[in-house]
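Undergrad: Take this structure first; my questions come after.
2 protein chains.
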Amino acid sequence: MTITSFYPTPRTLMGPGPSDVSPRVLSALGRPTIGHLDPEFVQMMDEIKSLLQYAFQTKNELTMAVSAPGSAGMETCFVNLVEPGEKVIVCVNGVFGSRMVENIQRLGAHAIVINDEWGTPVDVNKVKQAFKDNSDVKFLAFVHAETSTGVLSDAKALCAIAQENSALSIVDAVTSLGGVELKVDDWGIDAIYSGSQKCLSCVPGISPISFSAKAVEKLTSRKSKVPSWFLDLSLVMGYWGGTGKRSYHHTAPVNSLYALHESLVMLQDEGLENAWQRHKNQHLKLKAGLEKLGIAFVVEEQYRLPQLNTVLIPQGVDDAAVRQTLLNEYNLEIGAGLGGFAGKAWRIGLMGYAARTENVTLCLAALADVLVTE
Amino acid sequence: MTITSFYPTPRTLMGPGPSDVSPRVLSALGRPTIGHLDPEFVQMMDEIKSLLQYAFQTKNELTMAVSAPGSAGMETCFVNLVEPGEKVIVCVNGVFGSRMVENIQRLGAHAIVINDEWGTPVDVNKVKQAFKDNSDVKFLAFVHAETSTGVLSDAKALCAIAQENSALSIVDAVTSLGGVELKVDDWGIDAIYSGSQKCLSCVPGISPISFSAKAVEKLTSRKSKVPSWFLDLSLVMGYWGGTGKRSYHHTAPVNSLYALHESLVMLQDEGLENAWQRHKNQHLKLKAGLEKLGIAFVVEEQYRLPQLNTVLIPQGVDDAAVRQTLLNEYNLEIGAGLGGFAGKAWRIGLMGYAARTENVTLCLAALADVLVTE
Chain A
1 MTITSFYPTP RTLMGPGPSD VSPRVLSALG RPTIGHLDPE FVQMMDEIKS LLQYAFQTKN
61 ELTMAVSAPG SAGMETCFVN LVEPGEKVIV CVNGVFGSRM VENIQRLGAH AIVINDEWGT
121 PVDVNKVKQA FKDNSDVKFL AFVHAETSTG VLSDAKALCA IAQENSALSI VDAVTSLGGV
181 ELKVDDWGID AIYSGSQKCL SCVPGISPIS FSAKAVEKLT SRKSKVPSWF LDLSLVMGYW
241 GGTGKRSYHH TAPVNSLYAL HESLVMLQDE GLENAWQRHK NQHLKLKAGL EKLGIAFVVE
301 EQYRLPQLNT VLIPQGVDDA AVRQTLLNEY NLEIGAGLGG FAGKAWRIGL MGYAARTENV
361 TLCLAALADV LVTE
Chain B
1 MTITSFYPTP RTLMGPGPSD VSPRVLSALG RPTIGHLDPE FVQMMDEIKS LLQYAFQTKN
61 ELTMAVSAPG SAGMETCFVN LVEPGEKVIV CVNGVFGSRM VENIQRLGAH AIVINDEWGT
121 PVDVNKVKQA FKDNSDVKFL AFVHAETSTG VLSDAKALCA IAQENSALSI VDAVTSLGGV
181 ELKVDDWGID AIYSGSQKCL SCVPGISPIS FSAKAVEKLT SRKSKVPSWF LDLSLVMGYW
241 GGTGKRSYHH TAPVNSLYAL HESLVMLQDE GLENAWQRHK NQHLKLKAGL EKLGIAFVVE
301 EQYRLPQLNT VLIPQGVDDA AVRQTLLNEY NLEIGAGLGG FAGKAWRIGL MGYAARTENV
361 TLCLAALADV LVTE
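The listed protein sequences correspond, in order, to chains A and B.
Taking UniProt numbering, the leading residue of the first sequence gets 1, the next gets one more, and so forth.
Taking UniProt numbering, the leading residue of the second sequence gets 1, the next gets one more, and so forth.
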């Protein structure tokens, strides 16, 4: 059987990511591939570093893009910092906190798990208590914006607790970067990772990361080699490093980095605070519309992520049928619930380029149509 | 300082990869992003699997694309198969064999290293002897086409030795896939990885892999969890798996997979044997032209890779100056030597879309110009 070229039906992406990608970013993506050691490319990598420092609000020297999706960004943080037998307090209030636990356990480290109910933020007091109950804790790990539930946790307060206890903080910012306030240096975040395909509105496949000086010190004073060769930052930095000759480590995903560069230029041009405000404004529009449709939010108002709206599926409505009709007839993708929320909630994303009036308007009108037909 | 959009100068890529990317592939890359669980996308993934089975010449059910570059494909093979304390005979005749050793050691496994001189193939007899000298060897690992030296090793003979000794073979086909004969099932290869950016002429960032039934059995009978969560095939296969419902593992690099799909459709349309022959033909043209210029090959004729020509830099010629002139004045990239070949050899790639008459003609004419000026 002969297989032919693939032409995707254009969709409006309002799920938990990938989000709508700007035509500017797609256009950058398709530019001619050049060598990964070409001086022009190397200069572009330096620009990505500066732009990421702006997006993360950090001066961290070790700020770069991992050549793989956010899951690999998570693994990069854990695998470089956490050594066998070390203790990590890890906060679980959704899928991605659980994934952190998996990472820690596979490294032979000790995860002290703090559970909070799905749909609620990390409880700061439980974290304080966990530090009191456990000695020699090296790390506090948590998810800033839980993609599985649409909940924002208080990263600033949590990092302060880590600092008071001389622990390093490891923060999942996959869904928060570019969508809500995030200040790596001001808040004292030590290791952070994000994803290209959420509020940066770039194509999926790249994971921006940043390590503080303290985190770099932990990395360079390791007793054992980093178990992953591909993710070993002591090697990767030879390629991304700011000074001197670039040494080959692996072949960078050249075109995906063109796209990341363009998405970060767009963020720079808009201004970070303006981007946060835009997400907020569109969220408020969506919220008003959903309330008119009688659709309620899962998460309490003060913990809601503007960029990821988890809402209860109205009683008697067929989850899969509605999402299928939205996709097939409106070319509109919204997200299903994950884990305990499967079949009970939808996740409506307003991330990056999707946080626009036309998206909110389409989503509300399409939902209104489909729910009436149901 | 405001950073602006990046417009790379179009280059002709005739180094060790990334190679020239076809306009068809770049066009596919820039198509609208859709969701990674969209039924259209999932169907396209099934097609990628079929196309990769054709490219690898295998019926292996576990055939897929790792969401990261070839280095991660290498790590995927080792991390899923090799457990702590197990013995691996690993053949080193260039950079990428050494990288295999790194992978094995970081897993706490035992690497029995067989060294062959750079520029020569793996010595089959040494491998036979190593199996005689060591009991309970679980794996034989080697590089089919060494990108650092331009040497082809006898994968068929090596895999036969592994089979005779009840060991599994792990094969690096980063530079061989699509460029020279490679028959996974006929040769009895158990685990193989490649890269998107070499003879497939796709953008860099994706690593096709394939595991035999025996390799899958080794994976499923592991005593310990795979140390990497991101690369754990028992989880990844829930997403790439051929049957039933796709379960979310990580967000696939959607657009890069469009590009891989298109490059594999092009390979299917050309026919695998025709692609091998095209690389051979262009290599012969390049060889004839280089000989006229008095440029000699590093590798003996019968072991030369048609797609990667390692040649000695003529006496008295300034390596860096020539490559810089080619790049700046002809927009032509050729590769520097690696390791022991740094400053002594060039690597001229004829990979995938770069294996065309116009590329060979340009390269020879530009080299002739520049060497006269030198």
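Cβ coordinates follow ideal geometry from the N, Cα and C atoms, glycine included.
Nothing here was measured: the structure is a model prediction, and the numbers come from that model.
Taking a cut of 7 Å between CB atoms, which residues from the segment 251–271 of chain A lie near chain B?
TA: Going along the segment 251–271 of chain A in chain order, one finds T251, A252, P253, V254, N255, S256, Y258, H261, E262, V265, Q268 with a Cβ nearer than 7 Å to chain B.
Undergrad: Looking at chain B, is there any beta carbon in it that lies within less than 7 Å of the beta carbon of L177 of chain A?
TA: Not an interface residue.
Undergrad: Among the residues of its own chain, which have a CB less than 7 Å from the CB of V21 of chain A, if the five just before and after it don't count?
TA: The residues are S201, C202, V203, Y353.
Undergrad: Counting only beta-carbon atoms, is A68 of chain A nearer than 7 Å to chain B?
TA: A68 of chain A counts as touching chain B.
Undergrad: In this structure, what does DSSP give as the bridge partners for P208 of chain A?
TA: A:A65, per the DSSP bridge assignment.
Undergrad: So I206 of chain A and Y193 of chain A are supposed to be a Cβ contact under 8 Å. How far apart are they, rounded?
TA: I206 of chain A to Y193 of chain A, Cβ: 11 Å. No contact.
Undergrad: Looking at the structure shown, is F56 of chain A part of a helix, part of a strand, or coil, going by DSSP?
TA: Reduced to three states, the DSSP call for F56 of chain A is helix.
Undergrad: Leaving out five residues before and five after L326 of chain B in sequence, what residues of the same chain have Cβ atoms less than 8 Å from its Cβ?
TA: Result list for L326 of chain B: L332, E333, I334, A366, L367, V370, in chain order.
Undergrad: Would you check if the distance between the CB atom of C199 of chain B and the CB atom of G179 of chain B is smaller than 7 Å?
TA: A contact, by the Cβ cut-off of 7 Å.
Undergrad: Step through the CB atoms of chain B and report whether any lies within less than 7 Å of the CB of I3 of chain A.
TA: Closer than 7 Å to some Cβ of chain B, the Cβ of I3 of chain A qualifies, so yes.
Undergrad: Is I48 of chain A close to chain B, meaning its C-beta is less than 7 Å from at least one C-beta of that chain?
TA: So no, I48 of chain A is outside the interface.
Undergrad: Would the beta-carbon of L308 of chain B fall within 7 Å of that of G349 of chain B?
TA: Taking 7 Å as the Cβ cut-off, L308 of chain B and G349 of chain B qualify as a contacting pair.
Undergrad: Shorter than 7 Å from the beta carbon of P208 of chain A to some beta carbon of chain B?
TA: With 7 Å as the cut-off, P208 of chain A does not count as an interface residue toward chain B.
Undergrad: Pull up the distance between the alpha-carbon of V66 of chain A and that of I313 of chain A, whole angstroms please.
TA: For V66 of chain A and I313 of chain A, the distance between alpha carbons rounds to 36 Å.
Undergrad: Taking Y54 of chain A and Q268 of chain A to be in contact with their CB atoms under 8 Å, please state how far apart those CB atoms are, rounded to whole angstroms.
TA: Indeed they touch by this definition, with Cβ atoms about 6 Å apart.
Undergrad: Whose C-beta lies closer than 6 Å to the C-beta of P253 of chain B among residues of the same chain, with five residues either side of it excluded?
TA: Cβ within range, chain order: S67.
Undergrad: Helix, strand or coil for I295 of chain A per DSSP?
TA: Of the three classes helix, strand and coil, the one that applies to I295 of chain A here is coil, per DSSP.
Undergrad: Do the segment 141–156 of chain A and the segment 72–90 of chain A meet, that is, are 3 or more Cβ pairs less than 8 Å apart?
TA: Touching, yes.
Undergrad: How about I161 of chain A and V127 of chain A: are their beta carbons less than 7 Å apart?
TA: Contact flag set, yes.
Undergrad: Just checking: is the beta-carbon of Q307 of chain A within a distance shorter than 7 Å of some beta-carbon in chain B?
TA: By this cut-off, Q307 of chain A is not an interface position.
Undergrad: Given a cut-off of 7 Å on the beta-carbon distance, is the pair Q277 of chain B and V360 of chain B in contact?
TA: Taking 7 Å as the Cβ cut-off, Q277 of chain B and V360 of chain B do not qualify as a contacting pair.
Undergrad: The beta strand (DSSP E) that contains D172 of chain A, what's its start and end?
TA: From DSSP, the beta strand (DSSP E) with D172 of chain A extends over 168–172.
Undergrad: Between the Cα of I3 of chain A and those of B:L264, B:G97, B:V79, spot the shortest distance and give me the residue it belongs to.
TA: The candidate whose alpha carbon is nearest that of I3 of chain A is B:L264.
Undergrad: Are the beta-carbon atoms of P10 of chain B and P32 of chain A separated by less than 7 Å?
TA: Cβ distance < 7 Å, so P10 of chain B and P32 of chain A count as in contact.
Undergrad: Could you check which residue in A:A111, A:K280, A:V124 has the C-alpha nearest to that of N134 of chain A?
TA: Out of A:A111, A:K280, A:V124, A:A111 has the C-alpha closest to the C-alpha of N134 of chain A.
Undergrad: I want to see whether chain D comes within less than 7 Å of I34 of chain A, judged by CB atoms only; does it?
TA: Absent from the structure: chain D. Protein chains present are A and B.
Undergrad: So with Cβ pairs under 7 Å, would you call A72 of chain B a contact of chain A?
TA: True, the Cβ-Cβ gap to chain A drops below 7 Å.
Undergrad: Of the choices B:L51, B:R222, B:L182, whose alpha-carbon is the least far from that of G85 of chain B?
TA: The shortest Cα separation from G85 of chain B among B:L51, B:R222, B:L182 belongs to B:R222.
Undergrad: Considering only residues of the same chain and omitting the five flanking positions on each side of V101 of chain A, which have a CB-CB separation below 7 Å?
TA: Once the five neighbours on either side are set aside, the close Cβ partners of V101 of chain A are V90, V92, A111, V113.
Undergrad: Among residues of its own chain, excluding the 5 on either side of V95 of chain B, which ones have a beta-carbon nearer than 7 Å to its beta-carbon?
TA: Counting only Cβ-Cβ distances below 7 Å, and skipping sequence neighbours, we find S148, L338, G339.
Undergrad: In the DSSP output, what is M14 of chain A paired with across the bridge?
TA: In DSSP, M14 of chain A forms a bridge with A:I334.
Undergrad: Just to confirm, are A157 of chain B and V124 of chain B a CB contact at a threshold of 7 Å?
TA: Yes, these two residues count as a Cβ contact at 7 Å.
Undergrad: Thinking C-beta only, is A145 of chain B closer than 7 Å to L305 of chain B?
TA: Going by C-beta atoms, L305 of chain B is nearer than 7 Å to A145 of chain B.
Undergrad: State the beta-bridge partners of C91 of chain B as determined by DSSP.
TA: Answer by DSSP bridge pairing, in chain order: B:I114.
Undergrad: Could you tell me the distance, in whole angstroms, from the CA atom of Q57 of chain A to the CA atom of L182 of chain A?
TA: Taking the straight line joining both Cα atoms gives about 7 Å.
Undergrad: Quick check on DSSP: helix, strand or coil for R304 of chain B?
TA: Correct three-state label for R304 of chain B: strand.
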